[in-house]
Structure formats: C-alpha cells, structure tokens
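Colleague:
Here is the structure:
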C-alpha cells in the first residue's frame, strides 16, 4: 500500500516544476497547462462513484492493479503528441488514480481498523514523500532528457509499483470487499450516507483542503520564481519543502493522537499552520521557507485527520466506501477549479495578492467545517 501511495501524486505533480517548459512545448500558455493539473482532480470528482462500484465488484487488490497499469498508459499518451493528446492522457491518469483514492480508505478500514490513525498517517507520509521526489527530480530530468521523457519516467515507476503490488497481494486478487455492517445492522438500515451530518462536514473540510493543496502545489514554484527571482529548477526544489513537511505532519498527527490529544485540538493546530502560508506570503514573502514548512506539516496532518475520521465514523466497510466516494467526489469537484482559478486570477491581476486571498478563504471554510466535524459525536449502528 505504501509503495502504491508513493506513486499516486507523481503523474500530475510532475507538471508543476516545468509548467513553463511544457507550455512552450505544447504551444499554449502556462495557465492552460494549469488545466492539465486540474483535469485529474476533476476526474477524482466525477469518477469517484464509479470507482466505488468497481471496487465493490472486483475487489480492492484487483482494482489497484488496474489503476497502476492505467496510469502508465495515460502517462505515455500524455507525452505522445500535442495538447489534445495531453488532455486525453491526463483524463486516463485522473480516472485511474481515482480508483486508488477511493480504495485506500476501504483497505485501511478492512485490514487496519484498530490502527487506522497510524496507518493513514503512514499513507499520507508516503503520498508526500512521492511528491517531494517528484518536485525535486522532474526539472533536472527535463533539462537532461526533455520534458516528455521526464513525465514518462513517472509512468515507468508505476509499472514497478504494479509488479510489487501483485507480488504482495498474490492469492488475494479475488477477495471481495466485505460489506458487513457493524452490530449486525443491514446496509439498507444505515441509510444514505449523504443524510449524515458528519459526511457533509468532512466534505466541506476536504473541499478547502483539496482546493488549497492543489492550487499551492501547482503555483508555489511560479510564485517563488516571480517573487524571489528563482530559476525553474531552484523553485521546484524550494517548493519541495511544502511536500517534505507533509511527511512530518502525516506521521506526527497519529503520534499526537496516540498521546490522547483531542482530535479537535490537533485539527485546530494544523489549521493555524495551514493558514500561515497565504498570510505569510502576503505580509512577509521573504520568510517563504517557514511558511512552506508550517503549511506542509498541516496539509499532511489534516489529510490524515479527515480520512481517519472516515474510517472511525463509518458504521460498515460499505459505508466507508460510500462516504469516501462522497467526500472525494464533491470535494474534488471544487478542488478541480483550484489550479486554473488561481492561474487565471494571477493573469487577470498581474500579481499574487488576490490568488492568495482566495486560498485563504478556502482554508477558512476548511477550518470551520473541520472543527464541526471533529467535535461531532460518533454515531453507532
């Protein structure tokens, strides 16, 4: 699972450090390349319900194997031609990664329910470690071999991950997702997940989290290039601070939870750190390493909190699957607009002040709804 997580963000994060180079190669503007970053997120929203059904039908192991091979195909298609093929390949990548996004919380609920926080933290840490490596390595690869091969390289890593995953899960490919609700209550009696207040609170929390994460991931290198005079390679390396400290947050939050620190207090602390990035870049941009580190810890930590709550508050594995699909479907619908909206606002205003205020607003929504979610009482079947 952790090897799989290392590869879930690389296919679309790899665009951020070389956005100008890719734009020149495709004959489009950098803002248009931002659409390619937003497409996978839109797929996360639109494909999540179908991914949930696929996982329920073929099982977690087989679904993840399928997603890894599909990402490889999409990565190759994206780099094979002009902008049109780049869009087609990106859609394939987005649909394939959606399967993993939905599958992992269900896998944790099935196999690691007693240690959901710790395992979710390790999963989040692996996501961010993969993001760090991608952010650091893509620009040098593009400089040496060209941007097309630099992007294809991350698809080749998917093949390695698929082989390792198949070996690790040998004999389990046909194991279905067990849909046995807690306390013997039938799935029908639990009712639609959208009727649960906790589901809506977590959805709004994830809206703010995902919108801000993908907007910052896409445009932080460009912000540093414009405001600090960095090169593309230098800005990509500098922006990796944001991803690296996500590992710290993803692993650190379960440690705080294990010391019985209230989940609401943990979330409140993480939210303050997240808010420091847009505020800090507005009032003291020269301290960008500090703001990137603090926000990095928060984005990793809050991701862990959100999906730990999905596992803990779901009353069956089926409900965990459906709640995960709802949160990601609606959350990523809003997040899909992030990279393009921030890029368009930057172009319209010729600066980063308005875009950073928009990120600040999204994080405020995340904070308020997250405090409501972490304060809600656990429902039982």
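Residue numbers (the numbering used here): 36 to 416. Quick reminder that beta carbons are idealized off the backbone N, C-alpha and C, glycines included.
Could you name each continuous alpha helix (DSSP H) segment of 4 residues or more that falls completely within the stretch 362 to 404, going from the start of the chain to the end?
Modeller: 372 to 384
Colleague: Count the other C-beta atoms from every protein chain shown that fall within 10 angstroms of the C-beta of residue 179, then say buried if there are 16 or more, exposed otherwise.
Modeller: Within the chain shown, numbered from 1, the residue matching residue 179 stands at position 144. That one is exposed.
Colleague: Under the assumption that residue 240 contacts residue 341 (Cβ atoms under 8 Å), give the Cβ distance between them as a whole number of angstroms.
Modeller: For the purposes of this step, residue 240 is identified with residue 205 of the chain shown, where counting begins at 1. For the purposes of this step, residue 341 is identified with residue 306 of the chain shown, where counting begins at 1. Yes, residue 240 and residue 341 are in contact; Cβ-Cβ is about 6 Å, under 8 Å.
Colleague: Residue range of the alpha helix (DSSP H) that residue 24 falls in?
Modeller: Outside the displayed range of the chain (36 to 416) lies residue 24, so it cannot be described from this structure.
Colleague: Counting Cβ pairs, one atom from each stretch, are 3 or more of them under 8 Å apart for the stretch 329 to 346 and the stretch 278 to 287?
Modeller: yes
Colleague: Taking 7 Å as the threshold (C-beta atoms), are residue 299 and residue 410 in contact?
Modeller: Taking the chain shown and counting its residues from 1, one reaches residue 410 at position 375. Taking the chain shown and counting its residues from 1, one reaches residue 299 at position 264. Here residue 410 is near residue 299, since their CB atoms are less than 7 Å apart.
Colleague: Measuring alpha carbon to alpha carbon, tell me which residue in 47, 41 and 79 is nearest residue 253.
Modeller: In the chain shown, residue 253 corresponds to position 218, counting from 1. The shortest C-alpha separation from residue 253 is found at 47.
Colleague: With a CB to CB cut of under 6 Å and the five nearest residues on each side skipped, what residues in its chain are close to residue 313?
Modeller: If you number the chain shown from 1, residue 313 lands on position 278. For residue 313, where only same-chain residues beyond five positions count, the Cβ hits under 6 Å are 391, 394 and 395.
Colleague: May I have the straight-line CA-CA distance separating residue 307 from residue 153, to the nearest angstrom?
Modeller: In the chain shown, the residue the question calls residue 307 occupies position 272. In the chain shown, the residue the question calls residue 153 occupies position 118. About 22 Å.
Colleague: What first and last residue would you give for the alpha helix (DSSP H) that runs through residue 205?
Modeller: Counting from one through the chain shown, the residue named residue 205 turns up at place 170. Element bounds for residue 205: n/a, residue is neither H nor E.
Colleague: Determine the burial state of residue 263: buried for a count of at least 16 other Cβ atoms within 10 Å of its Cβ, exposed for fewer.
Modeller: Sequence index remark: in the chain shown, residue 263 carries index 228 (1-based). When all chains shown are included, residue 263 counts as exposed.
Colleague: If you count every other CB in all the chains shown that lies within 10 Å of the CB of residue 321, and 16 or more means buried, which is it?
Modeller: Working through the chain shown from its first residue, we reach residue 321 at position 286. Exposed, because fewer than 16 other Cβ atoms sit within 10 Å of the Cβ of residue 321.
Colleague: Taking the beta carbon of residue 267 as the centre, do at least 16 other beta carbons fall within 10 Å, making it buried, or is it exposed?
Modeller: Here residue 267 is taken as the residue at index 232 of the chain shown, counted from 1. Residue 267 should be labelled buried.
Colleague: Report yes if the CB atom of residue 80 is closer than 7 Å to the CB atom of residue 90, and no otherwise.
Modeller: Residue 80 sits at position 45 when you count from the first residue of the chain shown. Residue 90 sits at position 55 when you count from the first residue of the chain shown. Not closer than 7 Å, so no.
Colleague: Could you pull out every residue in the same chain whose Cβ sits closer than 6 Å to the Cβ of residue 113, ignoring the five residues on either side in sequence?
Modeller: Locating residue 113 in the chain shown gives position 78, where the first residue counts as 1. Taken in chain order, the residues that qualify are 121, 124 and 125.
Colleague: Alpha helix (DSSP H) containing residue 334: first to last residue?
Modeller: Taking the first residue of the chain shown as position 1, residue 334 is located at position 299. Per DSSP, the continuous alpha helix (DSSP H) segment holding residue 334 begins and ends at 323 to 348.
Colleague: Could you give the distance in angstroms between the alpha-carbon of residue 365 and the alpha-carbon of residue 139?
Modeller: Along the chain shown, read from residue 1 onward, the residue named residue 365 stands at position 330. Along the chain shown, read from residue 1 onward, the residue named residue 139 stands at position 104. Those two C-alpha atoms are separated by around 18 Å.
Colleague: Apart from the five residues just before and just after residue 38, which ones in its own chain have a Cβ nearer than 6 Å to its Cβ?
Modeller: For the purposes of this step, residue 38 is taken as residue 3 along the chain shown, with counting starting at 1. Here the set comprises 196 and 199.
Colleague: Does the count of Cβ pairs from the stretch 233 to 248 and the stretch 368 to 375 closer than 8 Å reach three?
Modeller: yes
Colleague: Under 7 Å between the Cβ atoms of residue 45 and residue 189?
Modeller: By 1-based counting over the chain shown, the position of residue 45 is 10. By 1-based counting over the chain shown, the position of residue 189 is 154. Closer than 7 Å, so yes.
Colleague: Taking Cβ to Cβ, would you say residue 172 is nearer than 7 Å to residue 83?
Modeller: Along the chain shown, read from residue 1 onward, the residue named residue 172 stands at position 137. Along the chain shown, read from residue 1 onward, the residue named residue 83 stands at position 48. Cβ atoms of residue 172 and residue 83: not closer than 7 Å.
Colleague: Given this structure, state the Cα-to-Cα distance separating residue 76 from residue 129, to the nearest angstrom.
Modeller: The residue given as residue 76 occupies position 41 in the chain shown. The residue given as residue 129 occupies position 94 in the chain shown. Across the structure, residue 76 and residue 129 are spaced so that their CA atoms are roughly 7 Å apart.
Colleague: With residue 119 and residue 204 assumed to form a contact (beta carbons below 8 Å), what rounded beta-carbon distance in angstroms separates them?
Modeller: Within the chain shown, residue 119 is the residue found at index 84, counting from 1. Within the chain shown, residue 204 is the residue found at index 169, counting from 1. Residue 119 to residue 204, Cβ: 36 Å. No contact.
Colleague: Going by other Cβ atoms of all chains shown within 10 Å of its Cβ, with 16 needed for buried, is residue 363 buried or exposed?
Modeller: Within the chain shown, numbered from 1, the residue matching residue 363 stands at position 328. Under this definition residue 363 is a buried residue.
Colleague: Since residue 261 and residue 182 should fall inside the 8 Å C-beta cutoff, what is the C-beta to C-beta distance between them, to a whole number of angstroms?
Modeller: Counting from one through the chain shown, the residue named residue 261 turns up at place 226. Counting from one through the chain shown, the residue named residue 182 turns up at place 147. So it is not a contact: roughly 21 Å between Cβ atoms.
Colleague: Indicate whether residue 162 and residue 40 have their beta-carbon atoms separated by less than 7 Å.
Modeller: Your numbering for residue 162 matches position 127 in the chain shown. Your numbering for residue 40 matches position 5 in the chain shown. Yes, they are a contact pair.
Colleague: Counting along the chain, where does the alpha helix (DSSP H) carrying residue 145 start and finish?
Modeller: Sequence index remark: in the chain shown, residue 145 carries index 110 (1-based). From DSSP, the alpha helix (DSSP H) with residue 145 extends over 118 to 146.
Colleague: Return helix, strand or coil for residue 100, following the three-state DSSP convention.
Modeller: By one-based count along the chain shown, residue 100 stands at place 65. Helix.
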